Ligand code: ACM
Ligand code: ZN
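In my numbering, the protein residues as written are 1095 to 1874.
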């Protein structure tokens, strides 16, 4: 184990981890398998797999053998000759299945002795996972194609007794917002299998593209799979297709390709859960067949954000259901798994409210409004699937108006939906966005590619616990497991997809496979570097975000300075920094304790690990008269609260990511704050910094006013700004509005920023509450 150079890194690691025993000794010290097996004992000695070793694996699935032999062929330069029987003097790898010795089909025992290796699976999947774990015992080079100088692959002696914690260990991929090739989907499945995940949730349809060939409805892919190319613009601000424009961007999977992928997944013990969205997120389908909408169209496939999701299937039209049943009939022929995902999320019912057919359906069936109409819709489709021997699963909105009998629920808006469904006796898959949406940013925003907002570092994925505390023992039985989701609005290339997936998939895998009591963040950190080497050996892009330096500031009252603390999520060897804005590198100061600043500075810091210098983070501290002075806010921020009101005078600025932890958000209300400077010194400038990110419903204020007071009772205006309204398609930006005036004594500075109130007419959320975001009040 490589030791941390600095105590702060260790402390950060421990603080960030879940509540498991700190640095508990791991019986498998020196073994870096991910996900961590349920039980590992390290024994003395090693076994060297040389070309003279044999493989005895009678009746073992071909995919399992191909995995093992493929790695040996590529990384060691030989394949293991197969023998039918392992005699007394057998020296090699033995794989067998014995359901009496290993009760769980997905479980296995793995023993490495100086005389050889034995894997006993409880079933075919168990034997496969045993081989995956065995590969994790070798040097990471086993995952690559660089052969060792001396023939043979050494493996440490050990005894592993392992089985998964959950039955549903899933990962989702959105191929609608951006299309991914068959080759990439196979790589994705390889990665799931490598991490011992067993469900691939394939999000095949959405507003921005229909991706599955349906023979009876060819326009679904002829039209619905293609859109105008606006890839040069931010997802949030892409103008819709104009008359005469060609739809050139997109793609789809033929049924033959899907069959090939289903087979490929099955060889890796991965079941595919296809998702066909309904009643909403269906604009691509309705572009092809507008007759199944409430208005009849015409529509175009949106090239970017589409919100609110109001063009949806007409629930009053029986032909809509006939169409969907036809589609699902072909889906069922392609996907043999039990579960079919039918979406159900984020429907805006405004069209249903105006549609005579939908309203007639509500009247005829005596339904209590549109919520009940949605429940009717989902129940009718779930009933069709049940009649074919399959089980529907849907996003947690399907709770509203009552879950379809027998259907399972996928809880994405936190865990509340999952808890309610489990209490009602339904099976549940947990996918709470805050812990499992890997489309969120994973490191300091300035170093990360654009993402749709949100922050989900590796440690938070690791800490994810799929089973809510509040469930009784019986209710817990309904938690089948959990999955991660990769929404692809901001993911348009395979490299970016892998970047968002790795290494967080490793943390997710451990939340899904490893017994809760065996999880340990500190031990995970010990094993991560080997996993990163495995990714490198396979040529997989992974996010370096864990080696980005994170900076936090704190007042240092003793010296009236600012103390900047640096740390990294993954332990680094050293951190180098500068405070003059220059690029840090060899020769820069080595971080050993918090940096204390007494004047405004641009701090840049980078981590060094194993000789690699990682990209530098930058943070500026602005010394101003208001720094660390208390702030009283009139209408409190409730959702985006940063680090409380202290964030408003901490000398630090946020990025254009509203969820980076430095911005305070105010929904629909004005921002009114008073800074108490402590004594009445001269003040000559006052300012406040705001964010505009209209795609996230965040607008600059319509005006800002600064007022001064010596007693905190009577205020005089020192300056003000009127700010022009936002226009459509503006890039996100942050700006300091600061006014200068002749110096005058003041102890209190009041900032009043007028919220624009509601989103403007051109905005998709027109009339809805607008947000106002502020990160710093600056006083000089
Ligand atoms: C979802 O994120 N709309 C399921
Ligand atoms: Zn309708």
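Note that CB positions come from ideal geometry on N, CA and C, so glycine has one too. All figures in this text were calculated on a predicted structure; none of them were measured in a lab.
- Secondary structure at residue 1128: coil, using DSSP grouped into helix, strand and coil.
- The Cβ-Cβ distance between residue 1221 and residue 1191 falls below 8 Å.
- Residue 1427: member of the alpha helix (DSSP H) spanning 1412 to 1428, first to last residue.
- Going down the chain, each residue whose beta-carbon is closer than 5 Å to a heavy atom of the ligand ZN shows up: 1388, 1408, 1410, 1449, 1451, 1452.
- Not one heavy atom of the ligand ACM sits closer than 7 Å to the Cβ of residue 1424.
- Listed in chain order, the alpha helix (DSSP H) elements of length 4 or more contained wholly in the segment 1671 to 1750 amount to none.
- Residue 1717 holds the alpha-carbon nearest to the alpha-carbon of residue 1692 among 1717, 1670, 1699, 1760.
- By the criterion of at least three beta-carbon pairs nearer than 8 Å, the segment 1448 to 1461 is not in contact with the segment 1319 to 1335.
- Residue 1138 has its Cβ no nearer than 7 Å to any heavy atom of the ligand ACM.
- If you check the CB distance, residue 1634 and residue 1592 come in under 8 Å.
- DSSP places residue 1495 outside both helix and strand once states are collapsed to three, so it counts as coil.
- Rounded to whole angstroms, the separation of the alpha carbons of residue 1551 and residue 1827 is 24 Å.
- Listed in chain order, the alpha helix (DSSP H) runs fully inside the segment 1515 to 1554 are 1527 to 1530, counting runs of at least 4 residues.
- Proximity to the ligand ACM was defined by a C-beta distance below 7 Å to any of its heavy atoms, and the residues meeting it, in sequence along the chain, are 1439, 1440, 1489, 1506, 1527, 1579, 1581.
- Judged by DSSP in its simplified three-state form, residue 1445 adopts helix.
- Linking residue 1170 to residue 1236 through their CA atoms gives a straight-line distance of about 7 Å.
- Here residue 1459 is exposed. Its C-beta has fewer than 16 other C-beta atoms within 10 Å.
- The beta carbons of residue 1395 and residue 1440 sit no closer together than 8 Å.
- With contacts defined as CB atoms closer than 8 Å, residue 1492 and residue 1479 fail to qualify as a contacting pair.
- A Cβ-Cβ contact shorter than 8 Å links residue 1362 with residue 1157.
- The beta-bridge partner set that DSSP reports for residue 1660 consists of 1645.
- Contact holds between the segment 1804 to 1822 and the segment 1841 to 1860, because three or more Cβ pairs, one in each stretch, are under 8 Å apart.
- Taking a contact as a CB-CB distance under 8 Å, the pair residue 1247 and residue 1143 counts as one, their CB atoms being some 5 Å apart.
- In this structure, residue 1269 and residue 1298 form a Cβ contact; the two beta carbons are roughly 6 Å apart against a cut-off of 8 Å.
- Residue 1177 sits in coil when the DSSP states are folded into three classes, being neither helix nor strand.
- Considered as a whole, the segment 1562 to 1607 harbours 1573 to 1578 as its complete beta strand (DSSP E) runs of no fewer than 3 residues, in chain order.
- Residue 1546 has its alpha-carbon roughly 7 Å from the corresponding atom of residue 1533.
- Cβ-Cβ distances below 7 Å link residue 1751 to 1535, 1539, 1547 in the same chain, with the five nearest sequence neighbours on each side left out; the list follows chain order.
- Taking all protein chains in view, the Cβ of residue 1773 is surrounded by fewer than 16 other Cβ atoms within 10 Å, so the residue is classified as exposed.
- In the displayed model, residue 1488 falls within a strand according to three-state DSSP.
- Two segments are said to touch when three or more pairs of C-beta atoms, one from each, lie closer than 8 Å; by this definition the segment 1178 to 1186 touches the segment 1203 to 1220.
- In the DSSP assignment, residue 1133 forms a beta bridge with 1255.
- Contact check for residue 1346 and residue 1379: beta-carbon distance about 12 Å, past the 8 Å limit, so the pair fails to qualify.
- Looking at the DSSP output, residue 1205 bridges to 1212, 1253.
- The shortest C-alpha to C-alpha distance from residue 1424 to any of 1308, 1303, 1464 is the one to 1308.
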